[in-house]
Every structure is written in structure tokens, then in C-alpha cells.
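**Student:** Got a structure here, written out as C-alpha cells. Questions coming.
Residue numbers (full-length UniProt numbering): 1 to 238.
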């Protein structure tokens, strides 16, 4: 049976997000195409010197998306999915404390943490969680309405909650394409998340609902020349 490595799953996930966003905002696809053409021009003009800081594929690869969830439970669900793609929570951002534009969310970024995995595919997803219990932003009535709405919705079908929690020793999944139901990101019911964080499975109470790490949350960047372009962001909302 063929298998898909986590970086391949991650690359496919990023590509599907890009396609979806390009359908919603056609100018995004134009931007991706222009970025690729600029980088190809630089590579032709400068040869090997153009890749001294990183391969043209890594520079051009789409590397950033953003989602928003409403509860620690939902955050835990997306953490399991990202864990299956080799993406782990890095950094903690309390955007309620932003002086100029405070908003009622806390955030982290899910991305690879291993250097080799970053080199293969650096895609990350900046993930924000709403904090309706914060009285600075919501009065009691609005908080009650928000919490009732969030408690009643399901972002993922129940099959997602039945994923195994022990990672496969190979760090890869059987190579079957995703089906319509939520089994795993690769469409295989026995593919668990690797190094799953189980983030967000407990109430948030002043500290991040995911493990802290010492790494700084930033998409890896490299440029081949002042004209070389990193492909812009692709976003999806949860």
C-alpha cells in the first residue's frame, strides 16, 4: 500500500485552500501566478546564486492560512487535524491586549517544528479562538447568546472525535485520497495525528489552551533576491 508523508498531506492541504480561495477571490490566483513568474525570471537571470538562501520552490510555496474557532473544544478538534499534518502550536498571542486594535481572541500558529519538515513544506495556519467570557468585550446577554450558539454548532462530523491518539511509527498515512466524510485529512480512518497536542480539550482560564513552546511563531522566510516573491496568504474561516 502506498503512503503519503505528512509534508505531502500538508502540501495538498495548502493547495486545496489556495484553490478554494482563488475561486472566491480570483485576484488571489493572479497574485500567485505573478509571484511564480517573478521568481522564475530571477532564477533564469541569476542561476544558482538565486537559490543561495533557499530553493525557489520553498520561496514560492504558499505558506500561510488563517482560521477562527469559537471554543476550546473546537480548537482541540482542529489541533487533532493539524497534528495529523505534522503541524503543532507555536507561540501564543493574546490579541485582547493589543493596544491599538484589541479584539476578543487568543491565537497560536500551527506549523511544522522540525527543520526538515519546514524545508519540505513550511505551511502554517494562524488559528484564533473567540473569548466570549471576557467582560471587556461582551455583556452578560451577548455572552449567553454567543455561548448558546457555539455550544449548538458542530464544525466536524462525529467521526473526527474517534481518531486514534497513538501516532503511526512511520509518520505517514495510507495514500488514499480524501473522501466526503471526515476520517482523517488523508481520508483514512486509521491515520492518527502525529505528536497530537490535544490542545483545547480543557477550559481556557488565563493560560493558553495548548502547550507553550519556546519557538517564535513565524512562517519561515527566505528570499532569492530583492525581486523574488514569497507567495501571499490563503485564508479560510472556520
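In this text, a Cβ means the ideal position worked out from N, Cα and C, and glycines have one as well.
1) On the criterion of 16 or more Cβ atoms from any shown chain inside 10 Å, does residue 125 qualify as buried, or is it exposed?
2) Starting from the C-beta of residue 16, find all residues in its chain whose C-beta is less than 8 Å away, skip the five residues before and the five after it, and write them out in chain order.
3) What is the DSSP secondary structure of residue 155, reduced to helix, strand or coil?
4) Does the stretch 142-157 come within contact of the stretch 20-33, defined as at least 3 CB pairs closer than 8 Å?
5) With residue 127 and residue 69 assumed to form a contact (beta carbons below 8 Å), what rounded beta-carbon distance in angstroms separates them?
6) Check residue 128 in the structure and name its three-state DSSP category.
7) If you draw a straight line from the alpha carbon of residue 14 to that of residue 4, how long is it in whole angstroms?
8) Counting Cβ pairs, one atom from each stretch, are 3 or more of them under 8 Å apart for the stretch 110-126 and the stretch 85-99?
9) Tell me whether the beta-carbon of residue 130 lies closer than 8 Å to the beta-carbon of residue 157.
10) Between residue 19 and residue 63, what straight-line distance do the alpha-carbon atoms span, to the nearest angstrom?
11) Distance check for residue 83 and residue 117, CA to CA, integer angstroms please.
12) Any idea if residue 154 is buried or exposed, counting beta-carbon neighbours within 10 angstroms, 16 or more meaning buried?
13) In angstroms, rounded to a whole number, what distance separates the CA positions of residue 120 and residue 136?
14) Alpha carbon to alpha carbon, what distance is there between residue 21 and residue 65?
**Tutor:** Taking the definition as stated:
1) It is buried - the Cβ of residue 125 has at least 16 other Cβ atoms within 10 Å.
2) Closer than 8 Å at Cβ, skipping near neighbours: no residue.
3) Under the three-state reduction of DSSP, residue 155 is assigned to coil, being neither helix nor strand.
4) Result no; under three Cβ-Cβ pairs closer than 8 Å.
5) At roughly 7 Å, the Cβ-Cβ gap stays under 8 Å, so residue 127 and residue 69 are in contact.
6) It is a strand residue.
7) Looking at the backbone, the Cα of residue 14 and that of residue 4 are separated by about 15 Å.
8) By the Cβ rule, the stretch 110-126 counts as touching the stretch 85-99, because three or more pairs are nearer than 8 Å.
9) For residue 130 and residue 157, no; Cβs fall outside 8 Å.
10) Per the coordinates, the alpha-carbon of residue 19 lies some 14 Å from the alpha-carbon of residue 63.
11) Linking residue 117 to residue 83 through their CA atoms gives a straight-line distance of about 13 Å.
12) Counting of Cβ neighbours within 10 angstroms places residue 154 among the exposed residues, the total staying below 16.
13) Distance between residue 120 and residue 136, taken at the CA atoms: about 42 Å.
14) If you take the alpha carbons of residue 65 and residue 21, they lie about 10 Å apart.
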